Amino acid sequence: MIEAIPLTHWLTLSTLLFFIGVYGFLTRSNLITILISIELILNAVNINLLAFNKYLYPEALEGHFFSLFVIAVAASEAAVAVAIFINLYRNINTVEVEEVNKMKY
Amino acid sequence: MDYSYTIWIPLLPLITFVLIGLLGGKVKPIVSGITGVLSLTVSACLSIFTAYRYFLVDGAVDGVFQKIIASNHTWLRFTDTLYIDMGVLLDPISVMMLVVITFISLMVHVYSLGYMKGETGFSRFYSVLSLFSFSMLGLVLASNIFQMYMFWELVGVSSYLLIGYYYTKPSAVAASKKAFIVTRFADLGFLVGILILSFQTGTFDFSIITSAEGLATLGNVTSSFIGLSAITWATLLIFIGGAGKSAMFPLHVWLPDAMEGPTPVSALIHAATMVVAGVYLVARLFPVFSLVVPGSLTVVAWVGGFSSLFAAIIACTQIDIKRVLAYSTMSQIGYMMLALGVSGYLIEDSLGFTASMFHLFTHAFFKALLFLGAGAIIHAVHSNVMTEMGGLRKSLPITHITFLVACLAIAGIPPFSGFFSKDEILVAAFEANKILFAIEWLVAGLTAFYMFRLYFSVFWGKNRNYEHEPHEAPLSMTLPLIILAAGAFGAGFIPFSHFVTSTGETFTSHIHWNIAIPSIAVALIGIFVAAWLYKSENDRASSLAASLGILYKSAYNKFYIDEIYLFMTRQVIFKYISEPIAWFDRHIVDGTVNLVGSFVNFVSERIKGFQSGQVQQYAFYFMAGVITLTIVFVYFYSN
Chain P
1 MIEAIPLTHW LTLSTLLFFI GVYGFLTRSN LITILISIEL ILNAVNINLL
51 AFNKYLYPEA LEGHFFSLFV IAVAASEAAV AVAIFINLYR NINTVEVEEV
101 NKMKY
Chain X
106 MDYSYTIWIP LLPLITFVLI GLLGGKVKPI VSGITGVLSL TVSACLSIFT
156 AYRYFLVDGA VDGVFQKIIA SNHTWLRFTD TLYIDMGVLL DPISVMMLVV
206 ITFISLMVHV YSLGYMKGET GFSRFYSVLS LFSFSMLGLV LASNIFQMYM
256 FWELVGVSSY LLIGYYYTKP SAVAASKKAF IVTRFADLGF LVGILILSFQ
306 TGTFDFSIIT SAEGLATLGN VTSSFIGLSA ITWATLLIFI GGAGKSAMFP
356 LHVWLPDAME GPTPVSALIH AATMVVAGVY LVARLFPVFS LVVPGSLTVV
406 AWVGGFSSLF AAIIACTQID IKRVLAYSTM SQIGYMMLAL GVSGYLIEDS
456 LGFTASMFHL FTHAFFKALL FLGAGAIIHA VHSNVMTEMG GLRKSLPITH
506 ITFLVACLAI AGIPPFSGFF SKDEILVAAF EANKILFAIE WLVAGLTAFY
556 MFRLYFSVFW GKNRNYEHEP HEAPLSMTLP LIILAAGAFG AGFIPFSHFV
606 TSTGETFTSH IHWNIAIPSI AVALIGIFVA AWLYKSENDR ASSLAASLGI
656 LYKSAYNKFY IDEIYLFMTR QVIFKYISEP IAWFDRHIVD GTVNLVGSFV
706 NFVSERIKGF QSGQVQQYAF YFMAGVITLT IVFVYFYSN
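If you're matching them up, the sequences are chains P and X in order.
All letters in the first sequence, in the order written, are residues 1 to 105 by our numbering.
All letters in the second sequence, in the order written, are residues 106 to 744 by our numbering.
Shown next as structure tokens:
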């Protein structure tokens, strides 16, 4: 059944997801939503990896491995990011990204 | 014949220097003083013992004094042929200098216990005095010319430190800088001379350079520069170094100013030891001067002769007693240079060499005595100026008698030591060149005149108003005076030609009465004129000065040599060379660097807004960059 969906559909989906993620990353001001946008980007990449693996090299497993890897890294990254946000909130009482500009000239 | 212990003669003062220098601030000043005196006493005993063994026991083989390398260590080895040693060379002149230096230095150390008492920096004084003794001993013992050069510079440094001892006094600071810069300038010539000489012979070692093969190598050198052969250049440049240290005209300007240092320092460095280093240098390389390039030796003779006359004339007009002595030193060193200059190397006509070393030896005693006596006078009346003194013979009896002995010695009155050495110099000059002899004969009279002018003005005449009643110096100061007076009286009876000669062979010299009687006569005339003018209060001296007019005035102003130097440096070198270079540096070189700096500053001021601290902005730039690159990439690869 899944074979009925052509590769281009998957790629279109992942491109859409990716740019939605990028758009969210650039425009949202809440750090939590920025983190969610990053998850979108990462999952777009995962779809890409799996789709290519499935359609072009069905006997290989690298795509699966890579996407599993990305999921694991994304999870730990989310944990670190949330920890940072909590500390930020404790220190400056906000998680708005515009307020976090200490590291400027 | 084991002389390896001689290495301890310079090392002991070095150890003392380090000890006092590091720990001097932690102990009582007098402890530093006693340490210095003790270490110098040991050095002096070792030196006298060495001299006794060398000259009287086993220095001579078949009546010829040998050069002995007492110890030698390779210090720096660059390649197999280029290396620098540190060694100890014993020959008649270095052994003689050992005795002079350690003995005078010991006297000065003892004297300073009294003279410098209560001064701030007493320990510093003793540590630098030890450093000086070490450097000077290293200089005379040097077995190679590079070692000599290093100690030569060390001597310059310690002289600088001692002249600038009163470093809160601007004049002392200026004087120390002047001494250092002038001698350092001359040392540049010395260094270039060393390099030429060593390049031609392939060695730094004195005993190889002055050996028969070394001299033959030098004799075969054909390269030349502006009409003078390379060896002539080398010897003349080395002589410039010697002239700088020995205050020969026109590099003498630092010596009178160096009198800003404490008086014992003047006695040690600027009278008896350091200033004769130039004479010693010429004597050390005497075979090269004499056998290879006699022309350079003529230059030495004339520079010496001119300096002695020039300085003697100035000395007649000065009123600062230490400056009179400084010019007198310059004049006497001129004598020594002249004696070297008119001497030949072979034993038949080497009287000048012996006479020069003899005069160096006797001069060390009576000139150190004069300076230490002057120190005792200054100690008593708190002034350097002759016209503020008078009638001191009652209150300073010991100083008076010892000073008189020194004056008679320097004036060349028999049987005082100066007579014997000066007579030999005059004989040597008479045999070589009648004009030089005439100059030296005249200088002998001038010497007697200015010394007795000093003597009569200070000790005779009527009493002045002193701050307090002048009193005799303490025993630590009078004892060295008495010992040195004995030396100044008796040193002339040493048969010098039996010990110190150019080749190491010995001969017997006699007093030449046909030369001695005119020189005694002219000295007596000088003394009588001085007595007539200065013994009692009168205005003959000032009216004589007035009648001499411009002559007196220019001599009083030291023939304006300082002004000429100032003119040359300020108006010519600074104005036409240094200032344009400074302008170039400030505007072109610095300007370029500043331009680069301000450009970077300008640009970064404009673009620093990029670093806004807004993470999303960065991400935006990043994305924009990635997208641009992708478009470019796709565009190029799709074609």
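Every residue, glycine too, gets a C-beta built ideally from N, C-alpha and C.
All of these numbers come straight from a predicted model, not from anything done at the bench.
For phenylalanine 25/P, go through chain X and note every residue whose CB falls closer than 8 Å to its CB, in chain order. One finds Gln721, Ala724 in chain X with Cβ atoms closer than 8 Å to the Cβ of phenylalanine 25/P, taken in chain order.
Per DSSP, which residues does threonine 249/X bridge with? Please list them. The amino acid at residue 249/X is misidentified as threonine; the sequence shows asparagine. Partner(s): Asp310/X.
Are leucine 244/X and valine 260/X close, meaning C-beta to C-beta below 8 Å? One thing to note: leucine 244/X has its Cβ within 8 Å of the Cβ of valine 260/X.
Can you check whether the C-beta of methionine 191/X is within less than 8 Å of a C-beta belonging to chain P? No - not a single Cβ of chain P is within 8 Å of the one on methionine 191/X.
Three-state secondary structure assigned by DSSP to glutamate 610/X: When DSSP states are grouped into helix, strand and coil, glutamate 610/X belongs to the coil group.
Against chain X, does tyrosine 89/P count as a neighbour if the rule is that its beta carbon must be under 8 Å from one of theirs? For tyrosine 89/P, the closest Cβ of chain X is not nearer than 8 Å.
Short CB-CB distance (under 8 Å) between glycine 718/X and chain P: Yes, because at least one Cβ of chain P sits closer than 8 Å to the Cβ of glycine 718/X.
Cβ shell of histidine 576/X (< 7 Å), same chain only, five flanking positions each side left out: Closer than 7 Å at Cβ, skipping near neighbours: Ala485, Ser500.
Among Pro355/X, Val204/X, Phe633/X, which has the Cα closest to the Cα of phenylalanine 154/X? The option with the nearest alpha carbon to phenylalanine 154/X is Val204/X.
What are the partner residues of serine 329/X, as DSSP defines its beta bridges? The beta-bridge partner set that DSSP reports for serine 329/X consists of Ser334/X.
For asparagine 30/P, write down the residues that DSSP places opposite it in a beta bridge. Partner residues in the beta bridge of asparagine 30/P, as assigned by DSSP, are Glu96/P.
Lysine 445/X to valine 132/X span [Cα, whole Å]: With the sequence shown as reference, residue 445/X is identified as leucine, and lysine is not the correct amino acid for it. Answer to the nearest angstrom: the Cα atoms are 47 Å apart.
Work out the CA separation of alanine 646/X and leucine 638/X for me, nearest whole Å. Rounded to the nearest angstrom, the two C-alpha atoms are 5 Å apart.
So which residues on chain P does lysine 713/X lean against when the C-beta distance must stay under 7 Å? Simply Tyr105.
Bridge-paired residues (DSSP) for alanine 188/X: Before going further, note that residue 188/X is tyrosine rather than alanine in the sequence given. BP columns for tyrosine 188/X point to Arg182/X.
Checking 8 Å against the spacing of the C-beta atoms, do serine 148/X and isoleucine 114/X come in under that value? Yes; because the gap between Cβ atoms is below 8 Å, this pair is in contact.
In the DSSP assignment, find the alpha helix (DSSP H) that holds alanine 549/X and state where it starts and stops. Taken as a continuous stretch (DSSP letters only), the alpha helix (DSSP H) holding alanine 549/X covers 539 to 564.
Strictly below 9 Å CB to CB, what residues from chain X border asparagine 101/P? By Cβ distance, chain X contributes Ser717, Gly718, Gln719, Val720.
The alpha helix (DSSP H) spanning phenylalanine 160/X covers which residue range? Counted as a single uninterrupted DSSP element, the stretch harbouring phenylalanine 160/X is not any alpha helix (DSSP H), since DSSP gives it neither H nor E.
In terms of alpha-carbon separation, which member of Phe160/X, Ile331/X, Leu302/X, Phe309/X lies closest to glycine 324/X? Taking only the C-alpha atoms, the option nearest glycine 324/X is Leu302/X.
Going by Cα to Cα distance, which pick from Lys283/X, Gly168/X, Leu187/X, Phe239/X is closest to leucine 671/X? The residue from Lys283/X, Gly168/X, Leu187/X, Phe239/X with its alpha-carbon nearest to that of leucine 671/X is Lys283/X.
If we count Cβ pairs, one from each stretch, closer than 8 Å, do we get three or more for the segment 545 to 554 of chain X versus the segment 436 to 444 of chain X? Taking 8 Å as the limit for Cβ pairs, the verdict is that the segment 436 to 444 of chain X does touch the segment 545 to 554 of chain X.
Just list the residues that DSSP pairs isoleucine 174/X with in beta bridges. Paired residue(s): Leu194/X.
For valine 398/X, which of helix, strand or coil comes out of DSSP? Here valine 398/X sits in coil by DSSP.
Between leucine 267/X and the ligand HEM, is there a pair consisting of the residue's CB and a ligand heavy atom that are separated by less than 7 Å? Among the components modelled here there is no ligand, and therefore nothing to report on the ligand HEM.
Can you confirm whether the segment 47 to 54 of chain P touches the segment 4 to 15 of chain P when touching is taken to mean that 3 or more C-beta pairs between the two stretches lie within less than 8 Å? Taking a cut-off of 8 Å for Cβ pairs, the segment 4 to 15 of chain P and the segment 47 to 54 of chain P touch, as three or more such pairs fall below it.
Does methionine 728/X have its Cβ less than 8 Å from a Cβ in chain P? Methionine 728/X has a beta carbon lying within less than 8 Å of a beta carbon in chain P.
Looking at C-alpha atoms only, which residue of Leu734/X, Pro519/X, Ala291/X is the closest neighbour of alanine 628/X? Residue Pro519/X is the option with its Cα nearest to alanine 628/X.
If we define contact as Cβ-Cβ less than 8 Å, is valine 80/P a contact residue for chain X? Closer than 8 Å: no.
Identify, in the order they occur along the chain, each residue of the same chain with its Cβ nearer than 8 Å to the Cβ of threonine 140/X, setting aside the five sequence neighbours on each side. The residues are Thr121, Leu124, Ile125, Tyr231.
Confirm, please, whether the CB-CB distance from leucine 465/X to valine 370/X is below 8 Å. It is not a contact, given that the beta carbons lie outside the stated cut-off.
Meets three-Cβ-pair contact criterion under 8 Å: the segment 576 to 588 of chain X and the segment 659 to 669 of chain X: Contact between the segment 576 to 588 of chain X and the segment 659 to 669 of chain X is absent: fewer than 3 CB-CB pairs across the two stretches fall below 8 Å.
Contact list for valine 22/P against chain X, beta-carbon separation under 7 Å: Ordered by position in chain X, the residues that pass the 7 Å Cβ test against valine 22/P are Met728.
Residues in the same chain with beta-carbon distance under 8 Å from lysine 472/X, minus the five sequence neighbours each way, listed in chain order, please. Contacts found: Ala372, Ala376, Ala377, Leu430, Ser433, Thr434, Gln437, Ala511, Ile515.
Please report how far the alpha carbon of glutamate 59/P lies from the alpha carbon of alanine 724/X, in whole angstroms. Roughly 38 Å between the two C-alpha positions.
Return the chain-ordered list of same chain residues with a C-beta closer than 6 Å to the C-beta of tryptophan 565/X, the five sequence neighbours on each side being excluded. Cβ neighbours of tryptophan 565/X beyond the five flanking positions: Lys640.
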